[in-house]
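Count the sequence shown with the numbering used here and you get residues 107 to 310, in order. Beta carbons: idealized from backbone N, C-alpha and C, even for Gly. Note that the structure is a prediction, hence the values are computed from the model and not measured.
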Amino acid sequence: VTPLAAAELLSLAVDPATGTLLYQAPDLVRMEALLLHYCDWRVRAPSALSFLQNFLAAAAAAAATGSAAAPCFCGSSSSCVSCCCTGMSCGGGSGGGSREGDAAGAWDAALAEAAYRLLDVSLLQQLPLAFGPSTTALACLLLAEQQLLLLPAAPKTAAQAATAATGAAATAVQFVSGVSLAHLAPGLFECMELLSRRQQHSWN
Numbered sequence: 107v108t109p110l111a112a113a114e115l116l117s118l119a120v121d122p123a124t125g126t127l128l129y130q131a132p133d134l135v136r137m138e139a140l141l142l143h144y145c146d147w148r149v150r151a152p153s154a155l156s157f158l159q160n161f162l163a164a165a166a167a168a169a170a171t172g173s174a175a176a177p178c179f180c181g182s183s184s185s186c187v188s189c190c191c192t193g194m195s196c197g198g199g200s201g202g203g204s205r206e207g208d209a210a211g212a213w214d215a216a217l218a219e220a221a222y223r224l225l226d227v228s229l230l231q232q233l234p235l236a237f238g239p240s241t242t243a244l245a246c247l248l249l250a251e252q253q254l255l256l257l258p259a260a261p262k263t264a265a266q267a268a269t270a271a272t273g274a275a276a277t278a279v280q281f282v283s284g285v286s287l288a289h290l291a292p293g294l295f296e297c298m299e300l301l302s303r304r305q306q307h308s309w310n
């Protein structure tokens, strides 16, 4: 819908006695600025896309700072974390910080691409209608991470759910947001399982 021009809006508020305009253009500007101030400039409803963008930023920040939420990029099958930030290889020698940094950047790009692809699947399959936007976004992120790491596609047991909840992406999101997965994304693992099935169906 095309918004009305300022002149049309102003003409809607007229003094019935004199026929003069009650407001001028600067009054409209001041009203809009006041509304934006009290809304803290948050004028868009949160969507799965906006949540996913924030979650990806959290995962990338964790990897860049070398927190315990960051995965290992040195090629080791172990759960090493610190080598990626200190420039030390898993074997204890110098691993070359730039090489790990390049690998971290490649990981961020691959994770984002896989997560956005899953988000497209979720929209086509109307998953956001059954789950909240934050749940859908986090399900896309964790499922993308698991697929890149060749882990089980979706948690079907309590042990697999616990593994997904303590993965690098989940840990990063919880650390940055300060909110547990139970509150941030209710129904997360059900959403992941459904999304995994819908993704396989879309490939067939």
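- With a cut-off of 8 Å on Cβ pairs, the segment 226-239 is not in contact with the segment 129-137, counting fewer than three such pairs.
- When DSSP reads this structure, valine 120 sits in a beta bridge with Leu127.
- Shown here for alanine 164: same chain residues with a beta carbon closer than 6 Å to its own, the five before and five after excluded, namely Ala278, Val279 and Val282 in chain order.
- One Cα belongs to alanine 245, the other to alanine 212, and the distance between them is close to 21 Å.
- If you ignore the 5 residues before and after serine 153, its C-beta comes within less than 7 Å of the C-beta of Pro239, all in its own chain and listed in chain order.
- Taken through DSSP and simplified to helix, strand or coil, threonine 242 comes out as helix.
- Burial state of glutamine 252 is buried, judged by a 10 Å Cβ sphere holding 16 or more other Cβ atoms.
- Contact check for leucine 254 and methionine 298: beta-carbon distance about 15 Å, past the 8 Å limit, so the pair fails to qualify.
- In this model, proline 109 and alanine 274 are separated by some 44 Å (Cα to Cα).
- Tryptophan 213 sits in a helix when the DSSP states are folded into three classes.
- Distance check between glutamine 231 and each of Gln305, Leu287 and Ala291 places Gln305 closest, using alpha-carbon atoms only.
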